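K.L.:
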Amino acid sequence: MAVENDSMKNATYAVLVKSSAPPEFTDVVKGHDFVEVSGEKGSNDVNYNKLLQSYLSSGFQATNFGLAVKIVEQMIQWMPPNESLEDKSMSPDDRCTIFLGYTSNLISSGVRETIRFLVQHKMVDVVVTTAGGVEEDLIKCLGSTYLG
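Right, dumping it as structure tokens:
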């Protein structure tokens, strides 16, 4: 029992402590602001240079997210082969059903804004996410996340 209490005390002292302020030059993790760039809410205009630049402050998963975007683009453009159309079970309008799956840590990593944009503009059909750890929700509520 004493060992269990010591472990709990050690965990408490390691986790439940006040954080020190980050250096002034530390960048805040933040994704691309689609509304600010386009100038109007609901606009489909995207400044791709600024979008790619925003990945510098989007956290370490942004590269993998960019690769996933390429796959999604291929899915959006997919059409069934002509042989399938003769089958009459498919039409030229058939498209892939696009599932977007992500882990909860991507929300606090700065990719949240991009996921919201994809959903808002109906670029994905289904969204699947993990429940993740409650710490992700707490981190987002308590303040900004910083790179480093």
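Residue 261 in this note's numbering sits at position 40 of the sequence shown; the count goes up by one each step and never skips. A virtual CB, placed ideally from N, CA and C, is assigned to each residue, including glycine. In this text, all values refer to a predicted model and were calculated from it rather than measured experimentally.
1. Could you give the first and the last residue of the continuous beta strand (DSSP E) run that contains F246?
2. Could you give the residue range of the alpha helix (DSSP H) that holds T335?
3. Judging by CA-CA distance, which residue of L273, Y269, N270 and L321 is the nearest neighbour of V293?
4. Look at V332 and S279 and say whether their C-beta atoms are less than 8 Å apart.
5. Using only the alpha-carbon positions, how far apart do H342 and Q282 sit?
6. Say whether the stretch 266 to 278 touches the stretch 223 to 241, bearing in mind that this needs 3 or more beta-carbon pairs closer than 8 Å, one atom from each stretch.
7. State the beta-bridge partners of F320 as determined by DSSP.
8. Spell out the partners DSSP gives Y367 in its beta bridges.
9. How long is the line joining the alpha carbons of C317 and Q298, rounded to whole angstroms?
10. Pop quiz: V250 and T366 are said to be a contact at Cβ under 8 Å. What is the actual Cβ separation, rounded to whole angstroms?
11. Taking the alpha-carbon positions, what's the I328 to S228 distance?
12. Answer yes or no: do D248 and L368 have a C-beta to C-beta separation smaller than 8 Å?
13. Helix, strand or coil for A352 per DSSP?
P.N.:
On the basis of the data shown:
1. Residue numbering aside, residue 246 sits at position 25 when the sequence shown is read from its first letter. Element bounds for F246: n/a, residue is neither H nor E.
2. Here residue 335 refers to the residue found at position 114 when the sequence shown is read from its first residue. Run containing T335: R333 to Q341, per the alpha helix (DSSP H) assignment.
3. Working through the sequence shown from its first residue, we reach residue 293 at position 72. Of the listed residues, the one whose Cα sits closest to V293 is L321.
4. Sequence index remark: in the sequence shown, residue 332 carries index 111 (1-based). Sequence index remark: in the sequence shown, residue 279 carries index 58 (1-based). Yes.
5. For the purposes of this step, residue 342 is identified with residue 121 of the sequence shown, where counting begins at 1. For the purposes of this step, residue 282 is identified with residue 61 of the sequence shown, where counting begins at 1. Whole-angstrom Cα-Cα distance: 22 Å.
6. no
7. Reading the sequence shown from its first residue, position 99 is the one you call residue 320. Answer is V347, bridged to F320.
8. Locating residue 367 in the sequence shown gives position 146, where the first residue counts as 1. Y367 is bridged to V249.
9. The residue labelled residue 317 in the question sits at position 96 within the sequence shown. The residue labelled residue 298 in the question sits at position 77 within the sequence shown. Their backbone Cα atoms lie some 9 Å apart in a straight line.
10. Locating residue 250 in the sequence shown gives position 29, counting from the first residue. Locating residue 366 in the sequence shown gives position 145, counting from the first residue. Indeed they touch by this definition, with Cβ atoms about 4 Å apart.
11. Position 107 of the sequence shown, counting from 1, holds the residue named residue 328. Position 7 of the sequence shown, counting from 1, holds the residue named residue 228. Rounded to the nearest angstrom, the two C-alpha atoms are 31 Å apart.
12. Against the sequence shown, residue 248 aligns to sequence position 27. Against the sequence shown, residue 368 aligns to sequence position 147. Closer than 8 Å, so yes.
13. Counting from one through the sequence shown, the residue named residue 352 turns up at place 131. Coil.
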